[in-house]
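A short write-up of the structure that comes next.
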Ligand code: AMP
Ligand code: GLY
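In the numbering used here, the protein residues as written are 3 to 418.
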């Protein structure tokens, strides 16, 4: 496993449940993942280093969790050495690594998405704002840890976002190019599918709660909680969405000679004019994965191996009935600069409830205690017979955990 966040912790745990009883090694992992897997220090985006590490541990399969190594071509480096890998190569990972490229592919593939303009200066951006009307979404082209999108309700907000990205480089070079997009309204859904070429196996729909504040207020984060299933996206609608979104995009990539073995994650908005794609990711979602994998009713290692070697069967992924809710516990200050080093209490009590606690941003202090070391610190996930059951159980487990400045949205999966 390449990565070191909550998603990778959930993947490590799922793989450990596989019937093949695999040895799981995580590069680089984190203090919490080290409870469940051997961790080896590594720079995740360093292809040759990942290849060396995979060789050293005799890896039969490498699963790449985060986007940065995928965009950097780490999957290409592994495949070039004949190592079975879950995760697309750099050419396909541009779907996530460049919002402008993703728009271009969607246009070519006839996939419904918001009207958009790609700009490199503030005035051109403001002309697009005028053309589309308010609100608009202002999006840094490149990777920005889920924070590179501002939904502007006024012209001043749009200008401020354009200036921050293009002139002040708030997201570094990721904001040198900006996509200005017409504002959409509707419910959001994350539809993830594992894909091998044009073979697609979708997961049930999931929902991520991106803003830091309850009622979806405040700045966007990497995600403050998740739930699966999503009542307004039943399985037959999810199947239709795969036909309208995933398959045409995979076909368009194939037409360009670009293979895709990995996870294609479509972030969709269900607008009054029908579903429209907000973004593609080329990996498992975080924190959607923490709510999806506990529901998996198939052997995780067999499933992921079939993605890597191309033997994947075209059908929905099998899941248990019921629901899963994951609640993120974040550090004080997040999504701004998070406080680090706060001692976390209640981890064992939370685990005793049977909840799955994934570590995203933790470290050990000199006394061996877990402390905060990142923005999103933990995910607490629990299964239930229904969404309200899973939600109640997840919050009951999370109630055991606390630290100075901890932030938790209390409305994850509320009303579903
Ligand atoms: P993205 O990273 O592109 O998915 O955007 C992050 C969040 O910004 C999404 O989850 C939406 O809540 C919001 N967003 C993105 N694009 C739009 C849009 N065109 N209209 C309204 N909200 C948007
Ligand atoms: N949950 C949003 C993402 O993984 O990008």
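Cβ atoms here follow ideal geometry from the backbone N, Cα and C, with glycine treated the same way.
Terminal residues of the continuous alpha helix (DSSP H) containing residue i?
i           : result
residue 101 : 101-111
residue 366 : Element bounds for residue 366: not the alpha helix (DSSP H) but the beta strand (DSSP E), 364-366.
residue 248 : Segment: none, residue 248 is in no alpha helix (DSSP H) and carries neither H nor E.
residue 230 : Unbroken run through residue 230 is the beta strand (DSSP E), 227-230; no alpha helix (DSSP H).
residue 369 : Where residue 369 is concerned, there is no enclosing alpha helix (DSSP H), given that its DSSP letter is neither H nor E.
residue 339 : Taken as a continuous stretch (DSSP letters only), residue 339 belongs to no alpha helix (DSSP H), as it is neither H nor E.
residue 132 : 124-134
residue 76  : 76-82
residue 140 : Counting along the chain, residue 140 falls outside any alpha helix (DSSP H), though it belongs to the beta strand (DSSP E) covering 138-142.
residue 51  : 49-58
Figure out for me which residue from the options has the closest Cα to the Cα of residue i.
i           : options               : result
residue 70  : 94, 185 and 395       : 94
residue 394 : 105, 416, 289 and 274 : 416
residue 34  : 339, 82, 48 and 15    : 15
residue 36  : 88, 171 and 3         : 3
residue 1   : 327, 301 and 281      : There is no way to answer for residue 1, as the model of the chain reaches only from 3 to 418.
residue 207 : 293, 215 and 284      : 293
residue 388 : 377, 418 and 347      : 418
residue 150 : 80, 156 and 140       : 140
residue 6   : 411, 386, 390 and 375 : 375
May I ask which residues mark the beginning and end of the beta strand (DSSP E) holding residue i?
i           : result
residue 267 : 263-273
residue 193 : 189-198
residue 322 : It is not in any beta strand (DSSP E) - residue 322 carries neither H nor E in the DSSP assignment.
residue 201 : 201-204
residue 181 : 180-184
residue 40  : 40-42
residue 424 : The chain is shown only over 3 to 418; residue 424 falls outside these bounds and no answer can be derived.
Opposite residue i in the DSSP bridges: which residues?
i           : result
residue 282 : 268
residue 347 : 404
residue 222 : 213
residue 360 : 381
residue 277 : 272
residue 291 : Paired residues: none, contrary to the question.
residue 2   : This structure cannot settle anything about residue 2, because the visible part of the chain is limited to 3 through 418.
residue 331 : 380
residue 115 : 279
Please look up how many angstroms separate the CB atoms of residue i and residue j, rounded, as I've assumed it's under 8 Å.
i           : j           : result
residue 235 : residue 265 : Actually they are not in contact, since the Cβ atoms of residue 235 and residue 265 sit about 18 Å apart, beyond 8 Å.
residue 263 : residue 198 : 5 Å
residue 396 : residue 357 : 6 Å
residue 398 : residue 355 : 6 Å
residue 219 : residue 178 : That pair is no contact at about 29 Å.
residue 246 : residue 331 : Actually they are not in contact, since the Cβ atoms of residue 246 and residue 331 sit about 36 Å apart, beyond 8 Å.
residue 166 : residue 136 : So it is not a contact: roughly 18 Å between Cβ atoms.
- Message: Closer than 5 Å between the C-beta and any heavy atom of the ligand AMP: which residues qualify, listed along the chain?
- Response: 116, 139, 151, 153, 183, 185, 186, 212, 269, 280 and 281
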